[in-house]
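Worksheet for the structure shown next.
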Ligand code: S3P
């Protein structure tokens, strides 16, 4: 079994570039594949999750080539050259497509495959086979797709026979960027104008990136319209650093008293950075420097001639040594910090008072049941946690102690527990830590460098 031992950090100092953004990397590959002609994806995340999207698109006949390139400040980056096949150029896959651990791959692909007149089967690993798919199946069926799935049409494997779709107006019952994007992608194939309404704002990378490929998307608050009948065209996409990966080091820096960290080139799209608001309210010392916009392709104007909204990027400076106070996190903020839940729980153990997180039942449906997983493991370290169906409350401040911990093969639980171990008394052992390779290969190298 792969495991790691971590003991209390005496120092936490330095600067680094986090890995490229996982959500944007998935989208860049998938959107390029259904566009006509060549696309170039710069600073692509080469990790297990995103390679799943690359391999899936290859099974659908897309030609994708990797090359190493030298990016800003002489950093080695991965570049993808994708020869897109256009909306209707994908080939029927010869075999079952294995989406492994990736919810983004399976949900986004189900939207695309619904519009393609061939048969395909999508499956995944043990974790993905437990994650609900009816949230995409129901709207896609309303649009006219034939989709069946295991467990009462809810769990992978999914069998899709795509065909002619019609536009729908769909009010999403849960705030999910994966579901929203699946419907938007199906909308590109549908006759008419597809409308999607979110209950709360979720990450909006698809809305920002699809127009670079020529898609007509309009957004007004929670209301999104997608026009069909246009061929997408290949373009160039630059992927900024992943805020969700940086998040573990932001919290570590805040919790370790003698720390000072600069995290460079991080995507700070406001639909992703709910953690910053939370930590600032808790009293943390965080400053965003050098805020700039990275345009996927700076020469692009949107279809209505308004300026294309790129992805904001910044360097994040954080310093420890301040006392933290508890806060309440409510349902409407959850989508803005959805992937940061485990690491927020670690921060809450060090905040004075009771931190409550409610309206977060979606966290039970991630790569693991993250509410149960983080409660159980932090309790082993001495944390005082009360679990609810839709969240938890954590009473701080607690002196954590080293323990034997389980990551449930969930990358974000493995990384959150690694940070908890840095502030605990004694040594912790964490099992199944190779799951960090899902989103953050090199996580432990950066951790060692900052603590050395
Ligand atoms: C993602 C959306 C979120 C997030 C996941 C990536 C995306 O999931 O948790 O890690 O890339 O769209 P949901 O849309 O299911 O909340």
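Residue numbers (our numbering): -3 to 448.
C-beta: ideal position from N, C-alpha, C; glycine also.
Does the beta-carbon of residue 270 have 16 or more other beta-carbons within 10 angstroms, so that it is buried, or is it exposed?
-> By the Cβ-count criterion, residue 270 is buried, with 16 or more other Cβ atoms from all chains shown falling within 10 Å of its own Cβ.
At a cut-off of 6 Å, is residue 186 close to the ligand S3P when judged by its beta-carbon and the heavy atoms of the ligand?
-> Not so, every heavy atom of the ligand S3P lies at least 6 Å from the Cβ.
Spatial neighbours of residue 385 within its chain, please: CB distance less than 7 Å, with the 5 preceding and 5 following residues excluded, ordered by chain position.
-> Cβ within range, chain order: 357.
Find the nearest neighbour of residue 227 within the set 23, 444, 84 and 433, judged by alpha-carbon distance.
-> Out of 23, 444, 84 and 433, 84 has the C-alpha closest to the C-alpha of residue 227.
So, helix, strand or coil for residue 144, using DSSP?
-> In the three-state reduction of the DSSP assignment, residue 144 falls in the strand class.
Is residue 431 near the ligand S3P, with its Cβ less than 6 Å from a heavy atom?
-> Within the chosen limit of 6 Å, the ligand S3P does not reach the beta carbon of residue 431 with any heavy atom.
Please list, in chain order, all residues of the same chain as residue 290 whose beta carbon is under 7 Å from its beta carbon, the five residues on each side excluded.
-> If we look at residue 290 and ignore the five residues flanking it on each side, its Cβ neighbours are 234, 236, 306, 307 and 309.
Answer yes or no: do residue 200 and residue 267 have a C-beta to C-beta separation smaller than 7 Å?
-> Inclusion of residue 200 and residue 267 in the CB contact set at 7 Å is warranted, their separation being smaller than that value.
With DSSP collapsed to three states, give me the class of residue 71.
-> Looking at residue 71 - three-state DSSP - the assignment turns out to be coil, as it is neither helix nor strand.
Which residues DSSP lists as bridging residue 3, in chain order | Within the DSSP secondary-structure output, residue 3 pairs in a beta bridge with 423.
Burial state of residue 1, where buried means 16 or more other Cβ atoms lie within 10 Å = Exposed, because fewer than 16 other Cβ atoms sit within 10 Å of the Cβ of residue 1.
Roughly how many whole angstroms lie between the Cα atoms of residue 230 and residue 130?
-> In a straight line, the C-alpha of residue 230 is about 31 Å away from that of residue 130.
Tell me whether residue 145 counts as near the ligand S3P, meaning its Cβ is closer than 6 Å to at least one heavy atom of that ligand.
-> No; taking the cut-off as 6 Å, the Cβ of residue 145 has no heavy atom of the ligand S3P nearer than that.
Alpha-carbon spacing of residue 159 relative to residue 225, whole angstroms | Between residue 159 and residue 225, the C-alpha separation is close to 15 Å.
Tell me whether residue 335 counts as near the ligand S3P, meaning its Cβ is closer than 6 Å to at least one heavy atom of that ligand.
-> Result yes, Cβ under 6 Å from the ligand S3P.
Where does residue 99 land, buried or exposed, given buried means 16+ other C-beta within 10 angstroms?
-> Under the 10 Å beta carbon count, residue 99 is surrounded by 16 or more other beta carbons and is classified as buried.
Using 10 angstroms around the beta-carbon of residue 447, count the other beta-carbons present and answer buried if the total reaches 16, otherwise exposed.
-> The residue is buried, with at least 16 neighbouring Cβ atoms inside 10 Å.
Would you list the one or two residues that DSSP bridges to residue 310?
-> BP columns for residue 310 point to 262.
In terms of residue numbering, what span does the beta strand (DSSP E) encompassing residue 451 cover?
-> Missing from the structure shown is residue 451; the chain here goes from -3 to 448 and no further.
Is the segment 429 to 436 close to the segment 395 to 412, with three or more CB pairs under 8 Å?
-> These segments touch.
Could you tell me which of 166, 121 and 109 sits nearest to residue 142, measuring between CA atoms?
-> Nearest C-alpha to residue 142: 109.
Proximity test, residue 242 beta-carbon vs the ligand S3P heavy atom, cut-off 6 Å | For the ligand S3P, not one heavy atom lies less than 6 Å from the Cβ of residue 242.
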